[in-house]
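Protein sequence lines correspond, in order, to chains A and B.
If you want the numbering used here, it's the 1-based position in the first sequence plus 50.
If you want the numbering used here, it's the 1-based position in the second sequence plus 495.
To start, the structure under review is shown below, and the notes come after it.
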Amino acid sequence: MTDELVISGLEVSIGSKKILKGLDLTVRQGEVHALMGPNGSGKTSLAYTLMGHPDYTVDAGTVSWRGQDLLGLTPDKRAQMGVFLAFQYPSAIPGVTVASFLRNIYNAIHHPKQPDASGETSIKYTGIPLAKFRKLMEEKMALLRMDPAFATRYVNEGFSGGEKKRLEMLQMAILSPSMAVLDETDSGLDIDALKNVAEGINASLSPDMGVLLITHYQRMLNYVKPQFVHVLLDGRVVMSGGEELSHQLEANGYDWVRDQVGLPAGVGDEASAPEPVAQH
Amino acid sequence: MTLTQPSTALDAETIARIGELSDEPDWLCNLRQRWWERATQTPPPTGQEEEWRRTSLDALPRDASLLTDAPLLETHLPADAAEAGVILTDLRTAVREHPELVAKHLGVSDGPASHGHFWALAHAAWTGGLFCHVPRGVSVDGTLVARHVIPRSDVAYHPVSLVIAEEGSSVTLLEEIVSPDGGSAGWFGGISDVRAGRDARVRYATLQQLGDAAWRIGAERVVVGPDATVTTLNAEIGSAVTKLGLDVVMDGKGGTSKVLGLLAAGDDQQIDINTVQDLAADHTTSDLLYLSALYDRAHASFYGITNVRHGTRQTSSYQECRNLLLSPQAGAEPIPVLEIEANDILRCGHGATAGAIDPTTLFYAQTRGLSADEAERMIVRGFFEQVVAQISDETIRSRIIDALAVRIGTDSSDEVAA
Ligand SMILES: Nc1ncnc2c1ncn2[C@@H]1O[C@H](COP(=O)(O)OP(=O)(O)OP(=O)(O)O)[C@@H](O)[C@H]1O
Ligand SMILES: [Mg+2]
């Protein structure tokens with residue numbers, strides 16, 4: 051089996067609301083794919099579903115990674131198989147410093163606790179030596195041009211939007227996943243930060259890493275070059291192409307896509323969904 | 496009376512025999528009798544009182560036999576502190592070795608009003624306790640540690656802890672309370688009487704790890720003198736039922752108090768805390784922060800009064816109580832009460848929350864490779880850090896972290912501040 055993420059016929063709902071309606075997408079290792087689509091079209095829902103968010107119900111379809119089914123696994127198992135998601139809205143974890151969080155997650159991925167013969171986790175377990183970890187962290191922070199002071203702050207607590215995105219990239223750099231989904235990592239970044247983060251992504255990219263880059267903007271794609279661009283509309287990938295597709299989208303908007311694929315204007319766009327009639 | 500003879504409810508005769516048994520001086524026997532009278536005149540709570548509506552005393556093991564042969568308090572007193580005249584010892588030893596000092600300070604003040612009966616009872620029926628005295632101007636560098644080890648689960652024990660920091664002194668004290676799990680219910684009625692004189696610095700932490708059948712009916716009164724700074728920490732981990740009344744009296748101009756609490760409970764544990772921040776002098780500051788993590792069917796009530804006294808000026812106070820519910824059956828009821836009788840205040844505020852871990856935060860940590868349990872442990876440990884980070888004494892901090900870890904399930908590799 052080749053090293054690829056294969057999403058096939060994926061149907062997902064949240065509560066009674068159907069969000070993905072038969073989505074197909076394949077990302078091979080070494081490839082960068084961009085996924086674009088209007089607000090509310092389900093990009094984050096797809097990302098969450100890939101990682102196993104409990105609120106999202108998979109009604110049909112399959113997701114496999116390196117030939118193994120992902121959908122039956124808990125999020126941590128998916129992460130341990132090398133799948134990573136950079137969140138559009140990363141969560142804060144008050145009281146947990148960035149340094150200790152990074153060390154914990156590094157250990158979870160690269161030095162998982164090994165149950166001993168009795169089934170108990172060995173009490174001697176310590177994971178990566180502290181000094182070695184510090185070196186790794188400082189190296190990666192320098193790469194992303196992050197102020198070392200971030201190491202002692204609590205995870206995402208009081209971080210600006212751009213700082214949160216950088217911390218997502220720092221986590222990716224430290225975990226070195228083989229399949230990364232980046233959900234609007236470029237949103238909220240200033241021009242320099244965008245360049246910086248893109249450099250970080252490029253530095254983390256390796257020939258055996260697959261990337262699914264969710265974005266609204268062409269500008270990120272100037273730095274991180276995708277081989278494939280897909281459009282998510284009405285719960286499906288309705289159009290795929292090369293890098294040029296992102297330019298066409300930038301120029302023509304999503305109504306052009308709807309027109310091309312024969313969808314009525316406004317479909318698949320949360321912003322233009324019919325509003326309930328106001329009661330007052 | 497044999498040492499562990501079952502006594503039915505305490506009576507005047509039993510109180511008299513406690514004194515005889517250890518050959519106590521007359522002043523002490525008389526003191527016990529006076530407090531026994533107070534105890535009978537101040538009836539136990541009926542459950543109608545605002546502070547007692549959330550904890551029923553019906554199942555309090557009133558008939559548990561009185562522990563009259565309690566092991567001596569285990570203490571650690573840094574050598575330089577002993578040389579400087581600091582006393583840290585079992586209250587029984589202190590009565591023999593420092594009778595004048597003990598007579599001067601023991602049983603001279605009233606405790607929290609809501610716990611008046613139990614405050615009186617302990618002064619009458621104490622059979623062990625802690626005596627800590629820091630002379631004027633003496634500053635202790637290291638950490639004083641005292642440990643009550645109660646050998647059996649099924650006894651009644653009402654130790655009195657007296658902590659006196661004289662003018663301009665400075666001290667850090669950790670008091671631990673442990674008893675074995677299992678067995679029949681026992682009654683731990685320990686009380687603490689803490690006084691910080693003018694300009695004194697006191698850090699006083701209690702770590703309660705009673706066995707799972709214990710009833711802790713405790714009371715603590717902290718008096719903060721002029722320009723004194725006091726930090727108290729109550730870490731409540733053990734017991735079946737904990738009912739604690741804590742009064743912090745800002746008695747002198749310019750005093751500062753930080754009132755911290757860490758509660759970690761599971762199974763069917765019940766915790767009920769009543770605090771009073773009594774802002775009785777000008778320019779005083781009192782900030783309270785209680786955090787609880789509640790597992791299984793555990794329940795915590797928190798009834799906190801901030802009383803800004805009439806005529807005081809420029810006081811500043813805050814009380815915050817946050818509860819993390821780690822099971823759908825766990826519950827918390829934080830009730831802040833602000834009684835503001837003064838016009839000229841700097842600040843008087845409160846905050847109270849109770850809720851589960853945000854599922855997306857849990858998911859976020861899980862997507863980084865942590866199992867649901869590991870992620871939860873990390874989030875709970877981080878939650879407690881808001882108080883833990885304020886414990887400046889390293890000995891105390893690491894003892895508290897270890898004690899919390901037993902409930903949270905963390906180990907040193909999960910340490911959040913590494
Ligand atoms: N917890 C939820 N409850 C109800 N509806 C939800 C929930 N989460 C997402 N949705 C809905 O699902 C749809 C898809 O949302 P999603 O976040 O996946 O969109 P998106 O493509 O990532 O949008 P954006 O570009 O704005 O980030 C939206 O209509 C959204 O309102
Ligand atoms: Mg989104």
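Positions of the beta carbon are idealized from the N, C-alpha and C atoms, including for glycine.
What you are looking at is a predicted structure, and each value in this text was computed from that prediction instead of being measured.
Item, Value
"Does the segment 562-572 of chain B come within contact of the segment 623-640 of chain B, defined as at least 3 CB pairs closer than 8 Å?", "yes"
"Relative to ligand 2, is the shortest distance from any of its heavy atoms to the C-beta of THR862(B) smaller than 6 Å?", "no"
"I believe PRO276(A) touches GLU293(A) by the beta-carbon criterion, under 8 Å. Please report the beta-carbon distance rounded to the nearest angstrom.", "6 Å"
"Taking 6 Å as the cut-off, is the C-beta of LYS71(A) nearer than that to any heavy atom in ligand 2?", "no"
"Have a look at the DSSP bridge pairing and note the partners of VAL875(B).", "Its beta-bridge partners do not exist; DSSP assigns none."
"Hey, is the segment 786-803 of chain B in contact with the segment 755-772 of chain B, meaning 3+ C-beta pairs nearer than 8 Å?", "yes"
"Would the segment 652-659 of chain B and the segment 769-786 of chain B be scored as touching if the rule is three or more Cβ pairs under 8 Å?", "no"
"For a contact meaning CB atoms closer than 8 Å, what does PHE200(A) contact in chain B?", "Simply none; closest approach about 15 Å."
"In three-state DSSP terms, what is GLU519(B)?", "coil"
"Using a Cβ-Cβ cut-off of 6 Å (strictly less than) and excluding sequence neighbours within five positions of GLY728(B), which residues of its own chain qualify?", "What sits at residue 728(B) in the sequence shown is Leu, not Gly. Correct list, in chain order: ALA700 and LEU755."
"Nearest-angstrom Cα distance between THR737(B) and HIS593(B)?", "33 Å"
"Alpha carbon to alpha carbon, how far is LYS245(A) from LYS68(A)?", "36 Å"
"State the Cα-Cα distance for the pair LEU516(B) and VAL719(B), rounded to the nearest angstrom.", "36 Å"
"Taking its Cβ as the centre, do 16 or more other Cβ atoms sit within 10 Å of PRO538(B), making it buried, or is it exposed?", "exposed"
"Would you please state the rounded distance, in angstroms, between the beta carbons of ALA136(A) and ILE159(A)? I believe it to be under 8 Å.", "That pair is no contact at about 15 Å."
"Using Cβ-Cβ distances below 7 Å, what residues of the segment 140-161 of chain A are close to chain B?", "PRO140, SER141, ILE143, PRO144, GLY145, VAL146, THR147, ALA149, SER150, ARG153, ASN154, ILE155, ALA158 and ILE159"
"Quick one: is GLU815(B) near chain A, going by C-beta distance under 7 Å?", "no"
"Under three-state DSSP, which class holds ARG286(A)?", "strand"
"Name, please, each residue of chain A whose Cβ falls closer than 8 Å to the Cβ of ASP853(B).", "SER141"
"If I follow the unbroken alpha helix (DSSP H) through ASP77(A), where does it start and stop?", "Note on residue identity: the sequence assigns Val, not Asp, to residue 77(A). Looking at the DSSP string, VAL77(A) is not in any alpha helix (DSSP H); the run it does join, the beta strand (DSSP E), is 67-78."
"Please determine whether the Cβ atom of LYS215(A) lies at a distance below 6 Å from any heavy atom of ligand 2.", "no"
"Would the beta-carbon of LYS93(A) be found less than 6 Å away from any heavy atom of ligand 2?", "yes"
"I need the DSSP call for GLU61(A), collapsed to helix, strand or coil.", "strand"
"Indicate, with yes or no, if ligand 3 has a heavy atom lying under 6 Å from the CB of GLN824(B).", "The ligand content of the structure shown is limited to ligand 1 and ligand 2, which means ligand 3 is not among them."
"Using a Cβ cut-off of 7 Å (strictly closer), state whether PRO125(A) contacts chain B.", "yes"
"Alpha carbons only, please: which of LEU100(A), LEU73(A), ALA248(A) and PRO257(A) is nearest the one belonging to ARG269(A)?", "ALA248(A)"
"Is there contact between the segment 204-223 of chain A and the segment 117-131 of chain A, where contact requires at least three CB pairs shorter than 8 Å?", "no"
"Buried or exposed for SER95(A), please, with buried defined as at least 16 other CB atoms from any protein chain shown within 10 angstroms of its CB.", "buried"
"With a threshold of 6 Å (Cβ to nearest heavy atom), would GLY260(A) be considered close to ligand 1?", "no"
"Measure the alpha-carbon distance for THR235(A) versus GLU889(B) and round it to whole angstroms.", "40 Å"
"Given a cut-off of 7 Å, decide if GLY602(B) and LEU526(B) are closer than it, judged by their beta-carbon atoms.", "yes"
"Using a Cβ-Cβ cut-off of less than 9 Å, give me the residues of the segment 90-109 of chain A that come near chain C, in sequence order.", "Annotation note: the requested chain C is absent from the structure, which comprises protein chains A and B."
"What do you get for SER172(A), buried or exposed, if any count of 16 or more other CB atoms within 10 angstroms of its CB means buried?", "Interpretation of SER172(A) is limited by its pLDDT of 49, a score under 50 that renders its predicted location unreliable; the figure taken from the coordinates is listed afterwards. Exposed: under 16 other Cβ atoms inside 10 Å."
"Report all residues from its chain with a CB closer than 6 Å to the CB of THR503(B); omit the five preceding and five following residues, and keep chain order.", "Unreliable placement is indicated for THR503(B), whose pLDDT of 46 sits below 50; no coordinate value is reported for it."
"With 7 Å set as the bound, which would you pick, yes or no: does the beta-carbon of SER687(B) sit closer than that to a beta-carbon of chain A?", "no"
"Consider the C-beta atom of GLY90(A) and the heavy atoms of ligand 1; say whether any pair is separated by less than 6 Å.", "yes"
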